[in-house]
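Here the sequence shown stands for residues 1 to 169, where the numbers follow the UniProt record's numbering.
Think of the CB as a built atom: it goes at the ideal place given N, C-alpha and C, for glycine as much as any other residue.
As structure tokens, the structure follows; a few thoughts come after it.
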Amino acid sequence: MSSQTPYKVLCVCLGNICRSPTAEVVFRHYCDAHQLNIEVDSAGTSNYHPNKAPDLRSQKHAKHRGYDLSALRARQLKIQDFVEFDLILAMDYENLEDIQDLMQQAQLVLGQHMLRAKIALMSQHDQKFLQQAVPDPYYGGDDGFERVLDQCESSSLAWVQVLQQQMKG
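Okay, structure coming up:
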């Protein structure tokens, strides 16, 4: 990884209004705290909420922990993301499959040599939530939004450690 060009991470869930915007802001916070040259964004595999702000419950719970989601707007994952991002993190296994399917389309359209993104599960390196899906809190109560924050904090820290090691080469 060049220290000049930022490493780019994309966090992806279904609608891009609960889990992935939370992951984006939390991941960015930890990258900044560790002074890593990493840009973080988020998207959804669906186009259910184009240009909508994150769910008010996600915003409320995040704000209690010092994270501000209010400026974010939902967008759908697109083929160009596989060219522009280095790492695409899926919040759960269904999202992971959808991302892999879109990546196959991207390979057909653009060619394998054009794609730079690697795909992984958000919790891939997280010892506390190892390989666990970040559960969608949309239809649940407050505890679901707190669980998303707990898991995003833990998984983001795990990824920061992995990326620090990669940067050391």
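*Are there 16 or more other CB atoms within 10 angstroms of the CB of T5, so buried, or fewer, so exposed?*
exposed
*State the Cα-Cα distance for the pair I88 and I17, rounded to the nearest angstrom.*
17 Å
*Three-state class that DSSP yields for I119 in the structure shown*: strand
_Beta-ladder partner(s) of D41, from DSSP_ = Note: D41 sits in a beta bridge opposite L10.
*Per DSSP, what kind of secondary structure is I88 in: helix, strand or coil?*
strand
*For the alpha helix (DSSP H) containing D101, list its first residue and its last residue.*
93–110
*Would you mind stating whether P137 and L72 have Cβ atoms separated by less than 8 Å?*
no
*Indicate the three-state DSSP secondary structure (helix, strand or coil) for S2 in the structure shown.*
A caution first: S2 carries a pLDDT of 45, below 50, which makes its placement in the model too unreliable to give a value.
*With burial defined as no fewer than 16 other Cβ atoms inside 10 Å of the residue's Cβ, what is the status of P50: buried or exposed?*
exposed
*Within 10 angstroms of the Cβ of H29, are there 16 or more other Cβ atoms? Answer buried if so, exposed if not.*
buried
*Buried or exposed: which applies to R116, given that a residue is buried once 16 or more other Cβ atoms fall within 10 Å of its Cβ?*
exposed
*Taking 8 Å as the threshold, find out whether the stretch 154–162 comes into contact with the stretch 108–125 through three or more Cβ pairs.*
yes
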